[in-house]
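Q: Chains as they are written, first to last, in this note's numbering: chain P, -12 to 411; chain F, 628 to 876.
Pasting in a structure now, in structure tokens, and then I'll have a few things to ask.
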Amino acid sequence: MSPKPETAPYRTAFDRHHPAGHDERREAALSRFETLGFPTRRDEAWRFTDLKKLHRAVFAPAEGAIHAVPDLVPWRFAGDAHRIVLVNGRFARELSQVGDLPKGVIFGSLAANPALIEQTFDPTDTEGGQAFTALNAALFADGFALVVPAGVHLDVPVEIVHWGAASGRSFHLRHLIALGAGATATVIETYAGQGDYWTNAVTTVRLDAGAKLRHAKLQDESSLAIHFAQVRADLASDARYESFVLTLGGNLSRHDSAVLYGGADATCGLFGAYLLRGEQEATNATFVDHAVPSCTTTEVFKGVVDERAHGVFLGSIMVRQDAQKTNANQLNKNLLLSPRAAVDTKPQLEILADDVKCSHGATVGDLDEEALFYLEARGIPAPEARRMLIEAFAADAIDQIEDDVDLRAHFVTQVQRWLGGGAK
Amino acid sequence: MLKISGLQAKILSGREVLKGIDLNVKAGEVHAIMGPNGSGKSTLAGILAGKPGYEVTGGSVTYQGKDLLSLSADERAREGVFLAFQYPVEIPGVNNMYFLRAALNAVRRHRGEAELDAGQFLKAVRAKLKELEIGDDLLQRGVNVGFSGGEKKRNEIFQMAMLEPKLALLDETDSGLDIDALKLVSNGINKLRSPDRAMVLITHYQRLLDYVEPDHIHVLSQGKIVMSGDKSLAAELEKTGYAAFGDAA
């Protein structure tokens, strides 16, 4: 086995230049990163992932010069939205249009709201086991912040488009979403770009009692890019966190969701679809911690894997002793379109309480030949018939977004764009 | 319209199922192919429609002067061959209307006709439903998803009406239907009879032929047509069963 890649070049980059503020904490986080080192296949959480693509180069943090940005309309949500754009990990004011927000709502750049930065801090930044979270805590420059006060319903979604175009550089983004008691909001994130860069994002989500957040994300990074994202969500009683992640882009990517229930009767829905081709490798990992009674978790992830691509699903649900009346269902279904495509799927339940309803399941299969013949027997050419079946397969995950037809349409459009695209 | 000569076929990596079939079907004619289970009826329909899983080992099939067996399944459909499935496939996530419009427009493109937009398509659908005297309750559901046996067969007949094939192959369309559903489906088939359309009804029982009167009846047994005749043959079979043709069924 090859030796563990050195962390030293990142120390050099850190010493040479890191964003101002919270110096001691940044130093502690970098030390943590150095202690942990880069993960390898020996780490359970990374055993299916080939990190060679990350070790080809040292991705020094981007320093803020904003490059020319193309028309972002193909990636944008078509409906009304309060919209901001970040380029190479930093807020781009001239591309952003927030408009009027309800009283008390803050939405914009995290760096422009320094008082909010501390709200993104979490002990796992400096003491946790995730190397990339620690590196993010050392190097983050900007991100977005959304704060909605108690009782406020944000009827128009907020949209954050991240454009990456600095080859050889890394963007360490730090995001905050905080909803007061009974507040509601929809967040639509998009990551796209061109070139060979590394996005490393960490999002802190705090939902007070009865708050409801819908968090949608399109990952359509450059086909050369690396994308790691971690979301950690704390839910008070009666809160709901719903996330949908559509993974289309990136060469190597991973989305981690960690949900902690802090009060009874909270629910979360973690949904996603990944459509991969070429030599793409993408992981969706979830960890849901049922520490309190009467919470409900639903997970549905659908994967379509073509050519030599590799999809990974790691789902972990922990039901602790006090978490009676837990409901937890986890489902991962995959479609392999080529003999060289691969999927690793590991749904996992650990149950220490005795009065719970839990289920999990995973499937890996081919396109349904009978369905394909049925469509062809009606005159539909074979390639179109295949596209129809693939779209229907992915739509099953998109349809989990139950009461938002515009958001569903957003993702269906993106899936159709992928289906029409062929290898990039 | 359709000329089958000495057709022999086997299931891929399996046994020989058709052992030399000869059949001529002219435009406007309705042929019934009857026979016991395992006689090769459904295999014949599958091979004519281009279903994968079979290998033709001998003979030929000419359809409107073309070598039918050299065309892919979707090409055959666009050329006007329609197979009503014995077991219509459920396709979750594909809306029935979306599917049918894609199919109709594929056929229309092939014929050099303009594609129908959503409005024109809906109008055509409404007209056909009225003509066939069937309801619109199945349109907005996934293709065959959660349909009863009767609903599935009704959906097949409706698709046939929309696609206006030249050669319709109906594979056990009567199986699993109660009397009301059978009447509805038969009524649809009768309405679609026309001088420039040929139909081949594949059936185990004589029941369907009480409602749809064929011009010719053929008995298929052990991969061969062992007897052909007019509609009176059905009544005779009803009395004697298939045992006379070397089958216990």
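Note that the Cβ used here is the ideal one computed from N, Cα and C, for glycine as well.
All of these numbers come straight from a predicted model, not from anything done at the bench.
So, with DSSP's three-state summary, where would you put F:M628?
A: Working through the second sequence from its first residue, we reach residue 628 of chain F at position 1. Residue state, collapsed to three classes: coil.
Q: Does F:G673 get closer than 7 angstroms to chain P when you measure Cβ to Cβ?
A: Taking the first residue of the second sequence as 1, we reach residue 673 of chain F at position 46. Closer than 7 angstroms: no.
Q: Below 8 angstroms, can you find three or more Cβ-Cβ pairs linking the region 721 to 735 of chain F to the region 353 to 373 of chain P?
A: The answer is yes - the region 353 to 373 of chain P touches the region 721 to 735 of chain F, with three or more Cβ pairs under 8 angstroms.
Q: What in chain F is Cβ-close to P:Y361, meaning under 8 angstroms?
A: The residue given as residue 361 of chain P occupies position 374 in the first sequence. The answer, in chain order, is F712, P715, V716, I718, V770.
Q: In whole angstroms, what is the alpha-carbon distance linking F:G641 and F:I648?
A: What you label residue 641 of chain F is simply residue 14 of the second sequence in a count that begins at 1. What you label residue 648 of chain F is simply residue 21 of the second sequence in a count that begins at 1. Distance between the alpha carbons of F:G641 and F:I648: 19 angstroms.
Q: Closer than 7 angstroms, CB to CB, is P:I367 near chain F or not?
A: In the first sequence, residue 367 of chain P corresponds to position 380, counting from 1. Yes, contact with chain F.
Q: Quick one: does F:V721 have its CB under 7 angstroms from some CB of chain P?
A: Position 94 of the second sequence holds residue 721 of chain F. Answer yes: the Cβ-Cβ gap between F:V721 and chain P drops below 7 angstroms somewhere.
Q: For the pair the region 78 to 97 of chain P and the region 119 to 126 of chain P, tell me if three or more CB-CB distances fall below 8 angstroms.
A: Flag = no, the region 78 to 97 of chain P and the region 119 to 126 of chain P do not touch.
Q: Does F:A875 pass the burial test, meaning 16 or more other C-beta atoms within 10 Å, or should it be called exposed?
A: If you number the second sequence from 1, residue 875 of chain F lands on position 248. Residue placement at F:A875 cannot be trusted, given a pLDDT of 44 that sits under 50; the coordinates are not used to answer.
Q: Taking the alpha carbon of F:E682 as the point to measure from, which residue in F:V716, F:Q635, F:F712 has its own alpha carbon closest?
A: The count along the second sequence starts at 1 and reaches residue 682 of chain F at position 55. F:E682 has its Cα closest to that of F:Q635, out of F:V716, F:Q635, F:F712.
Q: Give me the DSSP bridge partner(s) of P:E337.
A: Numbered from 1 along the first sequence, position 350 holds the residue referred to as residue 337 of chain P. DSSP output for P:E337 lists P:M305 as bridge partner(s).
Q: Find out if the Cβ-Cβ distance for the pair P:A288, P:Q387 is shorter than 7 angstroms.
A: In the first sequence, the residue the question calls residue 288 of chain P occupies position 301. In the first sequence, the residue the question calls residue 387 of chain P occupies position 400. The amino acid occupying residue 288 of chain P in the given sequence is Phe; Ala does not appear at that position. No. Outside cutoff.
Q: Specify whether the region 808 to 823 of chain F and the region 853 to 861 of chain F touch according to this definition: at least 3 beta carbon pairs, one from each stretch, less than 8 angstroms apart.
A: Not touching, per the Cβ criterion.
Q: Going by C-alpha to C-alpha distance, which of P:A260, P:A245, P:S224 sits closest to P:A416?
A: This structure gives no information on residue 416 of chain P, because the portion of chain P shown stretches from -12 to 411.
Q: Quick one: is the Cβ of F:R728 within less than 6 angstroms of any heavy atom of the ligand MN?
A: The ligand MN is absent from the structure shown, which contains no ligands of any kind.
Q: Rounded to the nearest angstrom, what separates P:Q206 and P:V343 at their Cα positions?
A: Position 219 of the first sequence, counted from the start, is the residue given in the question as residue 206 of chain P. Position 356 of the first sequence, counted from the start, is the residue given in the question as residue 343 of chain P. Roughly 34 angstroms separates the two Cα atoms.
Q: Applying a beta-carbon distance threshold of less than 8 angstroms, which residues of chain A neighbour P:E371?
A: Protein chains in the displayed structure are P and F, and chain A is not among them.
Q: Strictly under 7 angstroms for the Cβ-Cβ distance: is F:D857 near chain P by that measure?
A: To locate residue 857 of chain F, count along the second sequence from 1; it is residue 230. Chain P, which has no Cβ nearer than 7 angstroms to the Cβ of F:D857, makes this no.
Q: Residues of chain F with CB closer than 8 angstroms to the CB of P:E356, please, in chain order.
A: Here residue 356 of chain P refers to the residue found at position 369 of the first sequence. By Cβ distance, chain F contributes P679.
Q: When you compare the CB positions of F:M628 and F:V657, do they come within less than 7 angstroms of one another, or not?
A: Along the second sequence, read from residue 1 onward, the residue named residue 628 of chain F stands at position 1. Along the second sequence, read from residue 1 onward, the residue named residue 657 of chain F stands at position 30. Against a cut-off of 7 angstroms, the Cβ pair of F:V657 and F:M628 comes out as no contact.
Q: So, under 8 angstroms CB-CB, P:G237 and P:H214 are touching, yes? Tell me the CB distance rounded to an integer number of Å.
A: Position 250 of the first sequence, counted from the first residue, corresponds to residue 237 of chain P. Position 227 of the first sequence, counted from the first residue, corresponds to residue 214 of chain P. Confirmed, about 4 angstroms.
Q: Quick check: P:E176 and P:R201, are their CB atoms within less than 7 angstroms of each other?
A: To locate residue 176 of chain P, count along the first sequence from 1; it is residue 189. To locate residue 201 of chain P, count along the first sequence from 1; it is residue 214. Their beta carbons are not under 7 angstroms apart, which means P:E176 does not touch P:R201 by this criterion.
Q: Tell me whether the beta-carbon of F:K779 lies closer than 7 angstroms to the beta-carbon of F:P719.
A: Locating residue 779 of chain F in the second sequence gives position 152, counting from the first residue. Locating residue 719 of chain F in the second sequence gives position 92, counting from the first residue. Contact flag unset, no.
Q: Suppose you measure from the CA of P:L38 to the CA of P:R241; what does that come to, to the nearest Å?
A: Walking along the first sequence from the start, residue 38 of chain P turns up at place 51. Walking along the first sequence from the start, residue 241 of chain P turns up at place 254. Spanning the two alpha carbons is a distance of roughly 11 angstroms.
Q: In whole angstroms, give me the CA-to-CA distance for P:K411 and F:I816.
A: Counting from one through the first sequence, the residue named residue 411 of chain P turns up at place 424. Counting from one through the second sequence, the residue named residue 816 of chain F turns up at place 189. Reliability fails at P:K411, whose pLDDT of 40 lies under 50, so the model's placement of it is uncertain and the value that follows must be treated cautiously. Rounded to the nearest angstrom, the two C-alpha atoms are 48 angstroms apart.
Q: Could you tell me the alpha carbon to alpha carbon distance between F:V846 and F:L796, rounded to whole angstroms?
A: Position 219 of the second sequence, counted from the first residue, corresponds to residue 846 of chain F. Position 169 of the second sequence, counted from the first residue, corresponds to residue 796 of chain F. Approximately 16 angstroms, taken between the alpha carbons.
Q: In chain order, what residues of the same chain have a beta carbon less than 8 angstroms from the beta carbon of F:L759, not counting five sequence neighbours either side?
A: Along the second sequence, read from residue 1 onward, the residue named residue 759 of chain F stands at position 132. Contacts found: I784, F785, A788, N814, G815, K818.
Q: Measure how close the beta-carbons of F:S632 and F:G677 come, nearest whole angstrom, since I'm counting them as under 8 angstroms.
A: One-based indexing of the second sequence puts residue 632 of chain F at position 5. One-based indexing of the second sequence puts residue 677 of chain F at position 50. Contact doesn't hold; Cβ gap of about 18 angstroms is too wide.
Q: Write down every uninterrupted run of the beta strand (DSSP E) in the region 43 to 78 of chain P whose length is 3 residues or greater and which is fully enclosed by it, in chain order.
A: Those beta strand (DSSP E) runs which fall completely within the region 43 to 78 of chain P and span 3+ residues are 69 to 74.
Q: Determine, using beta carbons only, whether P:A405 and P:L263 come nearer to each other than 7 angstroms.
A: As a working mapping, residue 405 of chain P is identified with position 418 in the first sequence. As a working mapping, residue 263 of chain P is identified with position 276 in the first sequence. The amino acid occupying residue 405 of chain P in the given sequence is Trp; Ala does not appear at that position. It is not a contact, given that the beta carbons lie outside the stated cut-off.
Q: How would you list, in chain order, the residues of chain P whose beta-carbon sits under 7 angstroms from the beta-carbon of F:R738?
A: Taking the first residue of the second sequence as position 1, residue 738 of chain F is located at position 111. Correct list: empty, because the minimum Cβ distance to chain P is about 10 angstroms.
Q: List the residues of chain F whose Cβ lies closer than 9 angstroms to the Cβ of P:D383, in chain order.
A: Position 396 of the first sequence, counted from the start, is the residue given in the question as residue 383 of chain P. Neighbours of P:D383 on chain F, chain order: P719, G720.
Q: If we ignore side chains and look at the alpha-carbon of each, how far apart do F:Q691 and F:K630 end up?
A: As a first step, residue 691 of chain F must be located in the second sequence, where it is residue number 64. As a first step, residue 630 of chain F must be located in the second sequence, where it is residue number 3. Each residue's alpha carbon lies about 9 angstroms from the other.
Q: Which residues in chain P have a C-beta closer than 9 angstroms to the C-beta of F:Q786? List them in chain order.
A: Here residue 786 of chain F corresponds to residue number 159 of the second sequence, with the count starting at 1. Residues of chain P passing the Cβ test: R365.
Q: Please report whether the beta-carbon of P:A349 lies at a distance below 7 angstroms from any beta-carbon of chain F.
A: As a first step, residue 349 of chain P must be located in the first sequence, where it is residue number 362. Chain F contact via Cβ: absent.
Q: Rounded to a whole number of angstroms, what is the C-alpha to C-alpha distance between F:K637 and F:A808?
A: As a position in the second sequence, residue 637 of chain F is number 10, starting the count at 1. As a position in the second sequence, residue 808 of chain F is number 181, starting the count at 1. Whole-angstrom Cα-Cα distance: 34 angstroms.
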